[in-house]
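To keep things clear, I will list the structure first and then write my remarks on it.
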Amino acid sequence: MPERAERQTRLLSRYVVDLSAAKIPSEALRASSTSKLTSSELNPSTQEYFLRSQREILQTAKRAKERADPQQKQTAIVFGAGPGGDIPLKALATMFDALTLVDIRADKTVKTIALLPPNLQQKITIVEADVTGVVASTLNSMQWNKRQTSTDASFINKMTQELPTIEVKNKAPDLGKHTFVCSSLVASQLYDLPYAYMQKLNETKHHYPFTYRTNVSTTVRELQREHLRYLARSTAESGLIHFADTYAAHEQTPTGEKNFPMIEPGVNSVLNTIFNREERPSSNWQYSDTRRYTIRSFVLDPHRSK
167 MPERAERQTR
177 LLSRYVVDLS
187 AAKIPSEALR
197 ASSTSKLTSS
207 ELNPSTQEYF
217 LRSQREILQT
227 AKRAKERADP
237 QQKQTAIVFG
247 AGPGGDIPLK
257 ALATMFDALT
267 LVDIRADKTV
277 KTIALLPPNL
287 QQKITIVEAD
297 VTGVVASTLN
307 SMQWNKRQTS
317 TDASFINKMT
327 QELPTIEVKN
337 KAPDLGKHTF
347 VCSSLVASQL
357 YDLPYAYMQK
367 LNETKHHYPF
377 TYRTNVSTTV
387 RELQREHLRY
397 LARSTAESGL
407 IHFADTYAAH
417 EQTPTGEKNF
427 PMIEPGVNSV
437 LNTIFNREER
447 PSSNWQYSDT
457 RRYTIRSFVL
467 DPHRSK
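With the working numbering applied, the sequence shown corresponds to residues 167 to 472, in that order.
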């Protein structure tokens with residue numbers, strides 16, 4: 167694509183478009199903005215959260231490097247890099263021999279990396295990828311079913327039937343094993359593109375039945391559980407993971423505060439089963455005057471077979 171080619175010419179970093187992202191319909195990408203906030207959009211609470219996130223990521227990265235074999239190449243990977251406000255990108259690029267930055271849309275990542283010194287840019291690989299591996303097929307199925315049905319009601323009914331058939335296990339792209347793995351505010355957004363595209367295709371804003379909403383929640387839960395397994399598969403021997411996410415959103419309304427879970431119930435069972443975990447104190451991020459998030463952050467050490 168010309169836009170992607172133009173991005174590459176501005177960088178000394180390697181730029182890769184994984185097949186998982188290349189197959190996503192451009193119309194669907196336009197339906198949702200998945201990038202995180204840029205520095206120009208920060209309120210004081212966001213600035214505070216970003217600084218805390220950077221400190222915690224660096225702490226885990228340093229521990230991972232100390233545990234690694236100094237004779238081996240030491241690498242780091244960041245899933246959901248975005249513009250990097252909450253990620254200490256310069257420090258990670260300095261600390262490790264190679265740094266891979268992954269996002270489903272890398273335009274803001276490119277702009278941030280272009281500001282780094284040339285010697286650090288050369289250590290970085292930017293990868294456009296869908297870390298679930300199922301977004302493209304889900305979106306293409308939505309397009310197909312929309313064309314094959316005559317009303318939004320029948321379209322929603324068709325998608326209600328298809329959601330439970332989505333197989334999420336081992337679909338994510340293999341991006342190697344790394345000394346340090348970072349997933350910051352990714353798991354809660356894994357279904358954002360399909361959700362936004364479904365809203366766009368539902369042109370008459372037809373009511374979503376309870377079964378549809380239940381099936382979406384089940385799909386999101388399985389995507390989030392598989393994301394944790396994916397992080398474990400992406401971690402080298404003796405490596406560590408920084409995992410942080412918005413576990414709940416709290417919306418202030420005229421009738422009081424409403425709470426919305428963003429990490430589905432049942433996800434913690436994977437945390438307890440396949441990792442030794444160390445949880446840091448949770449934090450509250452006042453995103454706007456009416457919305458705040460509860461952030462939980464973990465150091466994860468995958469269980470390894472003896």
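Glycine included, C-beta positions come from ideal geometry on N, C-alpha and C. A quick note: this is a predicted structure, and the numbers were derived from the prediction, not measured.
Nearest-angstrom Cα distance between residue i and residue j?
{"i": "Leu195", "j": "Leu359", "result": "7 Å"}
{"i": "Leu389", "j": "Pro284", "result": "37 Å"}
{"i": "Lys293", "j": "Pro210", "result": "The residue asked about is misnamed: residue 293 is Val in this sequence, not Lys. C-alpha separation (whole angstroms): 31 Å."}
{"i": "Ala234", "j": "Ala227", "result": "11 Å"}
{"i": "Leu255", "j": "Ala362", "result": "29 Å"}
{"i": "Ser316", "j": "Leu406", "result": "50 Å"}
{"i": "Leu397", "j": "Leu466", "result": "9 Å"}
{"i": "Glu444", "j": "Asp318", "result": "46 Å"}
{"i": "Arg391", "j": "Arg313", "result": "32 Å"}
{"i": "Tyr459", "j": "Leu305", "result": "28 Å"}
{"i": "Ala302", "j": "Lys335", "result": "15 Å"}
{"i": "Tyr453", "j": "Leu351", "result": "13 Å"}
{"i": "Phe321", "j": "Asn311", "result": "6 Å"}
{"i": "Ala280", "j": "Arg180", "result": "12 Å"}
{"i": "Ile290", "j": "Glu328", "result": "39 Å"}
{"i": "Ile332", "j": "Thr385", "result": "8 Å"}
{"i": "Ser201", "j": "Ala247", "result": "Reliability of the predicted coordinates at Ser201 is poor, the pLDDT of 46 falling under 50, and the value obtained from them is presented with this limitation in mind. Taking the straight line joining both Cα atoms gives about 9 Å."}
{"i": "Val276", "j": "Lys239", "result": "25 Å"}
{"i": "Arg446", "j": "Gln225", "result": "12 Å"}
{"i": "Ser219", "j": "Tyr357", "result": "23 Å"}
{"i": "Pro375", "j": "Gln355", "result": "22 Å"}
{"i": "Gln288", "j": "Met364", "result": "39 Å"}
{"i": "Leu178", "j": "Gly251", "result": "21 Å"}
{"i": "Phe346", "j": "Phe245", "result": "11 Å"}
{"i": "Ser307", "j": "Lys324", "result": "10 Å"}
{"i": "Asn368", "j": "Pro330", "result": "20 Å"}
{"i": "Pro431", "j": "Leu437", "result": "12 Å"}
One question on the structure: do residue i and residue j come within less than 8 Å of each other, judged by their Cβ atoms?
{"i": "Thr241", "j": "Asp263", "result": "yes"}
{"i": "Glu193", "j": "Ser463", "result": "no"}
{"i": "Asn425", "j": "Ala414", "result": "yes"}
{"i": "His416", "j": "Arg387", "result": "no"}
{"i": "Ala353", "j": "His408", "result": "no"}
{"i": "Pro236", "j": "Lys274", "result": "no"}
{"i": "Ile461", "j": "Thr421", "result": "no"}
{"i": "Ile440", "j": "Arg395", "result": "yes"}
{"i": "Ser404", "j": "Gly299", "result": "no"}
{"i": "Ala295", "j": "Leu258", "result": "no"}
{"i": "Thr380", "j": "His344", "result": "no"}
{"i": "Val382", "j": "Ala338", "result": "no"}
{"i": "Tyr215", "j": "Ser449", "result": "yes"}
{"i": "Thr326", "j": "Thr377", "result": "yes"}
{"i": "Trp451", "j": "Thr212", "result": "yes"}
Tell me where the alpha helix (DSSP H) around residue i begins and ends.
{"i": "Pro284", "result": "284-287"}
{"i": "Tyr215", "result": "210-233"}
{"i": "Ile332", "result": "Per DSSP, Ile332 belongs to no alpha helix (DSSP H) and is neither H nor E."}
{"i": "Phe262", "result": "Per DSSP, Phe262 belongs to no alpha helix (DSSP H) and is neither H nor E."}
{"i": "Asn323", "result": "318-328"}
{"i": "Ser435", "result": "434-440"}
Secondary structure at residue i, three-state DSSP: helix, strand or coil?
{"i": "His373", "result": "coil"}
{"i": "Thr241", "result": "strand"}
{"i": "Pro360", "result": "helix"}
{"i": "Leu267", "result": "strand"}
{"i": "Val297", "result": "coil"}
{"i": "Pro339", "result": "coil"}
{"i": "Glu430", "result": "coil"}
{"i": "Ala247", "result": "coil"}
{"i": "Thr384", "result": "helix"}
{"i": "Leu305", "result": "helix"}
{"i": "Ala280", "result": "coil"}
{"i": "Arg470", "result": "coil"}
{"i": "Lys366", "result": "helix"}
{"i": "Lys189", "result": "coil"}
Let me check one thing: in DSSP terms, what residues is residue i bridge-paired to?
{"i": "His408", "result": "Cys348, Val465"}
{"i": "Tyr459", "result": "Ala415, Trp451"}
{"i": "Gly422", "result": "Thr419"}
{"i": "Glu445", "result": "Phe464"}
{"i": "Thr275", "result": "Answer is none; Thr275 lacks a bridge partner."}
{"i": "Thr291", "result": "Arg180, Thr266"}
{"i": "Thr401", "result": "His344"}
Which stretch, first to last residue, makes up the beta strand (DSSP E) that contains residue i?
{"i": "Val183", "result": "180-183"}
Would you say the beta carbon of residue i is closer than 7 Å to some non-hydrogen atom of the ligand ZN?
{"i": "Asp467", "result": "The ligand ZN is absent from the structure shown, which contains no ligands of any kind."}
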